[in-house]
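Engineer: The structure that follows is given in the form of structure tokens.
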Amino acid sequence: MAKTTVNIGNNIKLKNPIMTASGTFGYGDEYTELYDIGDLGGIVTKAITPELRIGNPLPRIAETEYGMLNSIGLANLGLDDFISKKIPVIENFKTIVFVNVAGKELKDYIMVAEKLNEIDCIDGIEVNISCPNVKEGGVAFGTDPKVAAEVTREVRKVYSKHMMVKLSPNVTDITTIAKVVEDAGADSLSLINTLFGMAIDTKTFKPKVRSIVAGYSGPGIKPVALQAVYKCSKAVKIPLIGMGGITSADDVIEFLLAGATAVQVGTANFTNPLAALNIVKDLKEIMKDRNISDIKSLIGGMKLD
Amino acid sequence: MTESKYHEVQAEVVSVKELKHNVIEAVLRSKEIAKNTKPGQFITIQVTNKDESVPVLRRPFAVSYTKGDDFQIIFDVVGRGTDILKDMLKAGKKINVLGPLGNGFNTKVNGKEKLLLAGGIGIAPIKKLMQHFTEKGDQVTLIWGNRDKSGFFDIDFFMDQNIKLFVATDDGSLGFEGNVLDILKAEIKNNNLKKINDYNIYVVGPGPMMKAVADYCTEMDHYCQVSLETPMACGIGVCQGCAVKKKKEDGYFLTCVDGPVFNSCSVEIP
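Here it is in structure tokens:
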């Protein structure tokens, strides 16, 4: 039996490297109707902010060539309701659970992280300094190295479990941010969040998403994500969780070869709600077919000759 | 929340008919979906052909009829997704279906006759609702409006049903000249229909049509149930992409799990 477990740092062990990406998997409970999410390596919940957020004006999504645009605006039920309504469900999940943490100001991140630190069934947080769709906070925290370092450092002070930080591709050099976030105490990095994108309806002349500029995701961004993972793997020592357009087990192998330790499946969950599970199954098959006895052997395994 | 558990199935294509140019009726086989779908609920289909991962989004369709293990969808070929779907639908082939999704129509409002109003392809979910009521033996009146007579299809089927049927066209090329609301008001005036408040009203059609009927209902101190269509990604309440505005308060409903059917008093019809 091929070994599929991977470790993210010294405190997270995934039974396989497949996680689901924040914003594409709700709080996990929506998918338990379809399959046992215990078969996944882990899940990352939708972003949680201190207060409820109703989200951005409409329309919020549009399909494009090779992907989609979204501008949801971190719509979520807020920290208190998350704890009272969703934690009792999450407690039963037999997989690693990360909560994506966001906010308008630094103190929002600290507040959410501090509260989540006390909850046993939450294995780690993913600090979201890369949401492109909110006026305050979001990507603004992830594009300035000083600010990115400060958020990471301050959240680190109140959060003792695994802290993953999610990076934006909408910067000149992603390795600059990766390095300062590593130095400020992150345990791992997840990358990439969506790219800035837009689309216009040529009949009505209106933007297809109301916020005009939105986040572009899906298969079209995979090459962009891969090079970001590759470059960061050369720049930092902490583990990388790669994402961007992953739709197949082969894509997973590609991200691992580029230097990722694990991956997140995002937009593909919308194409098929069983996408992440199917990828786990297919990965095991491929490992058998290609005589890969340990998935860890693939990490950073790209060969030049 | 969704009324019933949904399923991901490989549904076999039983038959495909082009009812008129670019209007497709397809019958698919899935016990899970056929037996569990309530009027107004929908399914989504993965239109990605072969193993290609684009287009990335599934396409939602109302279920328009069920019989035994089979269910039917009717759709206009309007763009990339429906174009691909048209080619995918070959008898014997299996396609990836998720459903039943969303809340259907509230059919348990007692004591009144049922008034069903359809605009254009809005007839698709209305057909399943009509099936439900006629099988129960309820009194059903159906008004179907189109821009002109070329918009109608399968009209014999509807004429064969034990219902009161009215048709209207904007240009008068078939039936009453005017829109669905015009004919509704005219037939009430002519005593061919009862007072609006004597009906449970269900409306599916283009936004402006549903809005006009909803406004008229409000004016008459009544309401109707409307079925909305919005851009949609996941269909199960995860992505928050299919939001529609609440009417009397701040915030949004999600078309996929809070709808697609809403009380006209509670939602801004997009």
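As given, the protein sequences belong to chains A and B, one line each in that order.
Counting from 63, one number per residue, gives the positions in the first sequence under this note's numbering.
Counting from 23, one number per residue, gives the positions in the second sequence under this note's numbering.
Cβ atoms here follow ideal geometry from the backbone N, Cα and C, with glycine treated the same way.
On a predicted model such as this, the values are computed, not experimentally measured, just so you know.
With 8 Å as the limit, tell me which residues of the segment 119–135 of chain A have their beta carbon closer than that to any beta carbon of chain B; keep them in chain order.
Structural biologist: The residues in question are Leu-120, Pro-121, Arg-122, Ile-123, Ala-124, Glu-125, Glu-127, Tyr-128, Gly-129, Met-130, Asn-132 and Ile-134.
Engineer: Hey, out of A:Lys-156, A:Val-291 and A:Phe-258, whose CA is closest to Gly-200 (chain A)'s CA?
Structural biologist: Position 138 of the first sequence, counted from the first residue, corresponds to residue 200 (chain A). Measuring from the Cα of Gly-200 (chain A), the nearest candidate turns out to be A:Phe-258.
Engineer: Please tell me whether Glu-25 (chain B) has its Cβ less than 9 Å away from any Cβ of chain A.
Structural biologist: Within the second sequence, the letter at position 3 stands for residue 25 (chain B). At Glu-25 (chain B) the pLDDT is 43, less than 50, meaning the model places this residue with poor confidence; the figure from the coordinates comes in the next sentence. With 9 Å as the cut-off, Glu-25 (chain B) does not count as an interface residue toward chain A.
Engineer: Would you mind reading off the limits of the alpha helix (DSSP H) that contains Gly-103 (chain B)?
Structural biologist: As a first step, residue 103 (chain B) is located in the second sequence; it is residue number 81 there, counting from the start. Residues 102–110.
Engineer: Which whole-angstrom value describes the C-beta separation of Met-81 (chain A) and Gly-117 (chain A), a residue pair presumed to lie in contact below a C-beta threshold of 8 Å?
Structural biologist: One-based indexing of the first sequence puts residue 81 (chain A) at position 19. One-based indexing of the first sequence puts residue 117 (chain A) at position 55. So it is not a contact: roughly 24 Å between Cβ atoms.
Engineer: Locate the beta strand (DSSP E) running through Met-231 (chain B), then write down its first and last residues.
Structural biologist: Within the second sequence, residue 231 (chain B) is the residue found at index 209, counting from 1. Looking at the DSSP string, Met-231 (chain B) is not in any beta strand (DSSP E); the run it does join, the alpha helix (DSSP H), is 229–241.
Engineer: Whole angstroms is fine: what's the gap from Lys-365 (chain A)'s alpha carbon to Val-289 (chain B)'s?
Structural biologist: Reading the first sequence from its first residue, position 303 is the one you call residue 365 (chain A). Reading the second sequence from its first residue, position 267 is the one you call residue 289 (chain B). Distance between the alpha carbons of Lys-365 (chain A) and Val-289 (chain B): 57 Å.
Engineer: Could you list the residues in the segment 319–345 of chain A with a C-beta less than 9 Å from some C-beta on chain B, going in chain order?
Structural biologist: Answer in chain order: Thr-329, Ala-330, Asn-331, Phe-332, Thr-333, Asn-334, Pro-335 and Leu-336.
Engineer: Please determine, among B:Asn-219, B:Glu-209, B:Val-85 and B:Ile-258, the residue with the shortest C-alpha to C-alpha distance to Asp-280 (chain B).
Structural biologist: Counted from its first residue, the second sequence places residue 280 (chain B) at position 258. Of B:Asn-219, B:Glu-209, B:Val-85 and B:Ile-258, the residue nearest in Cα terms is B:Ile-258.
Engineer: Would Glu-135 (chain B) pass as a contact of Asp-243 (chain B) if the rule is Cβ separation under 9 Å?
Structural biologist: Position 113 of the second sequence, counted from the start, is the residue given in the question as residue 135 (chain B). Position 221 of the second sequence, counted from the start, is the residue given in the question as residue 243 (chain B). Their beta carbons are not under 9 Å apart, which means Glu-135 (chain B) does not touch Asp-243 (chain B) by this criterion.
Engineer: Compare the C-beta of Thr-240 (chain B) with all C-beta atoms of chain A and state if any pair is closer than 9 Å.
Structural biologist: Your numbering for residue 240 (chain B) matches position 218 in the second sequence. No, because no Cβ of chain A sits closer than 9 Å to the Cβ of Thr-240 (chain B).
Engineer: With burial defined as no fewer than 16 other Cβ atoms inside 10 Å of the residue's Cβ, what is the status of Met-63 (chain A): buried or exposed?
Structural biologist: If you number the first sequence from 1, residue 63 (chain A) lands on position 1. By the neighbour-count rule (16 or more Cβ atoms within 10 Å), Met-63 (chain A) is not buried but exposed.
Engineer: Under the three-state reduction of DSSP, which class applies to Ala-109 (chain A): helix, strand or coil?
Structural biologist: As a first step, residue 109 (chain A) must be located in the first sequence, where it is residue number 47. Coil.
Engineer: Could you name the residues of the same chain whose beta carbon sits closer than 7 Å to that of Asn-128 (chain B), not counting the 5 residues immediately before and after it, in chain order?
Structural biologist: Taking the second sequence and counting its residues from 1, the one referred to as residue 128 (chain B) is at position 106. Once the five neighbours on either side are set aside, the close Cβ partners of Asn-128 (chain B) are Gln-247.
Engineer: Taking the continuous alpha helix (DSSP H) assigned at Asp-344 (chain A), which residues delimit it?
Structural biologist: By one-based count along the first sequence, residue 344 (chain A) stands at place 282. Where Asp-344 (chain A) is concerned, the enclosing alpha helix (DSSP H) stretches over 337–351.
Engineer: Could you check what DSSP says for Asn-207 (chain A) in three-state terms: helix, strand or coil?
Structural biologist: Within the first sequence, residue 207 (chain A) is the residue found at index 145, counting from 1. Residue identity check: residue 207 (chain A) is Pro in the sequence provided, not Asn. The answer is helix: DSSP assigns Pro-207 (chain A) an H, G or I state.
Engineer: Would you mind giving the Cβ-Cβ distance between Asn-195 (chain A) and Leu-229 (chain A), rounded to the nearest angstrom? I have them listed as a contact below 8 Å.
Structural biologist: Sequence index remark: in the first sequence, residue 195 (chain A) carries index 133 (1-based). Sequence index remark: in the first sequence, residue 229 (chain A) carries index 167 (1-based). Asn-195 (chain A) to Leu-229 (chain A), Cβ: 16 Å. No contact.
Engineer: For Ile-239 (chain A), which residues of its own chain have a beta-carbon under 7 Å away from its beta-carbon, when the five flanking residues on both sides are left out?
Structural biologist: The residue labelled residue 239 (chain A) in the question sits at position 177 within the first sequence. Excluding positions up to five away in sequence, the list reads Gly-204, Pro-207, Ala-210, Leu-229 and Val-233.
Engineer: I believe Pro-122 (chain B) touches Ile-55 (chain B) by the beta-carbon criterion, under 8 Å. Please report the beta-carbon distance rounded to the nearest angstrom.
Structural biologist: In the second sequence, the residue the question calls residue 122 (chain B) occupies position 100. In the second sequence, the residue the question calls residue 55 (chain B) occupies position 33. Yes, Pro-122 (chain B) and Ile-55 (chain B) are in contact; Cβ-Cβ is about 6 Å, under 8 Å.
Engineer: Between the Cα of Gln-161 (chain B) and the Cα atoms of B:Met-152, B:Arg-169, B:Asn-168 and B:Gly-167, which residue gives the shortest distance?
Structural biologist: For the purposes of this step, residue 161 (chain B) is identified with residue 139 of the second sequence, where counting begins at 1. Of the candidates B:Met-152, B:Arg-169, B:Asn-168 and B:Gly-167, the one whose C-alpha sits nearest the C-alpha of Gln-161 (chain B) is B:Met-152.
Engineer: Please list, in chain order, all residues of the same chain as Lys-156 (chain A) whose beta carbon is under 7 Å from its beta carbon, the five residues on each side excluded.
Structural biologist: If you number the first sequence from 1, residue 156 (chain A) lands on position 94. Around Lys-156 (chain A): Gly-100.
Engineer: Skipping 5 residues on each side, what residues in its chain have a beta carbon closer than 7 Å to that of Ala-255 (chain B)?
Structural biologist: Walking along the second sequence from the start, residue 255 (chain B) turns up at place 233. Excluding residues within five positions, the ones whose Cβ falls inside 7 Å are Leu-79, Cys-261 and Gly-263.
Engineer: Does DSSP classify Tyr-87 (chain B) as helix, strand or coil?
Structural biologist: On the second sequence, position 65 is the one that residue 87 (chain B) refers to. Three-state result, Tyr-87 (chain B): strand.
Engineer: Determine the closest residue to Ala-337 (chain A) out of A:Leu-168, A:Glu-180, A:Leu-318 and A:Phe-87, with distance taken between C-alpha atoms.
Structural biologist: Here residue 337 (chain A) corresponds to residue number 275 of the first sequence, with the count starting at 1. It is A:Phe-87.
Engineer: Can you tell me whether Gly-363 (chain A) is buried or exposed? The criterion is at least 16 other CB atoms within 10 Å of its CB, across all chains shown.
Structural biologist: If you number the first sequence from 1, residue 363 (chain A) lands on position 301. So Gly-363 (chain A) counts as exposed.
Engineer: Taking the continuous beta strand (DSSP E) assigned at Met-226 (chain A), which residues delimit it?
Structural biologist: Position 164 of the first sequence, counted from the first residue, corresponds to residue 226 (chain A). Note, Met-226 (chain A): beta strand (DSSP E), 224–228.
Engineer: Chain A beta carbons: is any one of them nearer than 9 Å to that of Cys-246 (chain B)?
Structural biologist: Within the second sequence, numbered from 1, the residue matching residue 246 (chain B) stands at position 224. It does not; no Cβ of chain A falls within 9 Å.
Engineer: If I'm right that Gly-103 (chain B) touches Val-69 (chain B) with Cβ under 8 Å, what's the distance once you round it to whole angstroms?
Structural biologist: Locating residue 103 (chain B) in the second sequence gives position 81, counting from the first residue. Locating residue 69 (chain B) in the second sequence gives position 47, counting from the first residue. Gly-103 (chain B) to Val-69 (chain B), Cβ: 5 Å. Contact.
Engineer: Please report how far the alpha carbon of Val-163 (chain A) lies from the alpha carbon of Gly-90 (chain A), in whole angstroms.
Structural biologist: Numbered from its first residue, the first sequence carries residue 163 (chain A) at position 101. Numbered from its first residue, the first sequence carries residue 90 (chain A) at position 28. Spanning the two alpha carbons is a distance of roughly 16 Å.
Engineer: Using a Cβ cut-off of 7 Å, pull out every chain D residue sitting near Pro-253 (chain B), in sequence order please.
Structural biologist: Absent here is chain D; the protein component of the structure consists of chains A and B.
Engineer: Below 7 Å on C-beta distance, what does Val-202 (chain B) contact in chain A?
Structural biologist: Here residue 202 (chain B) is taken as the residue at index 180 of the second sequence, counted from 1. Chain A residues near Val-202 (chain B): none, gap ~24 Å exceeds 7 Å.
Engineer: Verify whether the separation of the beta carbon atoms of Asp-249 (chain A) and His-224 (chain A) is less than 9 Å.
Structural biologist: Start at 1 with the first residue of the first sequence, and residue 249 (chain A) comes out as number 187. Start at 1 with the first residue of the first sequence, and residue 224 (chain A) comes out as number 162. Taking 9 Å as the Cβ cut-off, Asp-249 (chain A) and His-224 (chain A) qualify as a contacting pair.
Engineer: Taking 9 Å as the threshold (C-beta atoms), are Tyr-28 (chain B) and Leu-138 (chain B) in contact?
Structural biologist: The residue labelled residue 138 (chain B) in the question sits at position 116 within the second sequence. The residue labelled residue 28 (chain B) in the question sits at position 6 within the second sequence. No, these two residues do not count as a Cβ contact at 9 Å.
Engineer: So is Glu-180 (chain A) buried or exposed if we call it buried at 16+ other beta carbons inside 10 Å?
Structural biologist: Here residue 180 (chain A) corresponds to residue number 118 of the first sequence, with the count starting at 1. Glu-180 (chain A) is exposed by the Cβ-count criterion.
Engineer: I'd like the span of the beta strand (DSSP E) that includes Gln-68 (chain B), first residue to last.
Structural biologist: Counting from one through the second sequence, the residue named residue 68 (chain B) turns up at place 46. It is not in any beta strand (DSSP E) - Gln-68 (chain B) carries neither H nor E in the DSSP assignment.
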